[in-house]
Amino acid sequence: MTQGEWIRLERFDGAWEAHDPDATFKAEVADHGRLDPLHTLRGLSAHTGIPVGALARYVLAKFATTGSSGLLELGPAMVSRLREPVLRAEEAGTDEARLAAYREISGLLGWLAAPLDDPELYP
18 MTQGEWIRLE RFDGAWEAHD PDATFKAEVA DHGRLDPLHT LRGLSAHTGI PVGALARYVL
78 AKFATTGSSG LLELGPAMVS RLREPVLRAE EAGTDEARLA AYREISGLLG WLAAPLDDPE
138 LYP
């Protein structure tokens, strides 16, 4: 999409199979499609003075880059450390390897969450 290109906001209420791996997401898109996002954006625009189009672009970019911003916050080295046990476990293809990966990732997440669990840092 080029800058200034128009997009049409449309509802999605298509049908999907029960075994569709994207069924939950499709149901969410259909549910949220019942709402008028421009109502909120117009109000926010009136309050902030930011054009509706700029707000829509912000919302779309923010949503679309959530994974990327998580990478920036966590850092590529830590993302690789968290991903590596999963890749090893999937390559091994055993429940034992998956359990070992779970334990390794659990330890890493515990280390990352330690500052959040410290009442002195975050009362």
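Counting from 18, one number per residue, gives the positions in the sequence shown under our numbering.
By construction, the Cβ of each residue, glycine as well, lies at the ideal position given by its N, Cα and C atoms.
Setting aside the 5 residues that flank it on each side, Ala47 is surrounded in the same chain by Phe29 and Asp30, each with a C-beta closer than 7 Å to its C-beta; the list follows chain order.
Under the three-state reduction of DSSP output, Leu91 falls in the helix class. As the crow flies, the alpha-carbon of Ala131 is around 44 Å from that of Ile24.
Boundaries cannot be given for Glu137, as no alpha helix (DSSP H) includes it and DSSP labels it neither H nor E. Proximity to Trp128 across Arg59, Gly60, Arg98 and His64 peaks at Arg98, based on C-alpha coordinates. For Asp48, the enclosing alpha helix (DSSP H) starts and ends at Ala40 to His49. In terms of Cα proximity to Glu27, the closest of Arg74, Pro54 and Lys79 is Pro54. Across the structure, Gly66 and Val76 are spaced so that their CA atoms are roughly 16 Å apart. Judged by DSSP in its simplified three-state form, Ala78 adopts helix. Linking Ala35 to Arg51 through their CA atoms gives a straight-line distance of about 21 Å. Taking every protein chain shown into account, the CB of Ala118 has 16 or more other CB atoms within 10 angstroms, so this residue is buried.
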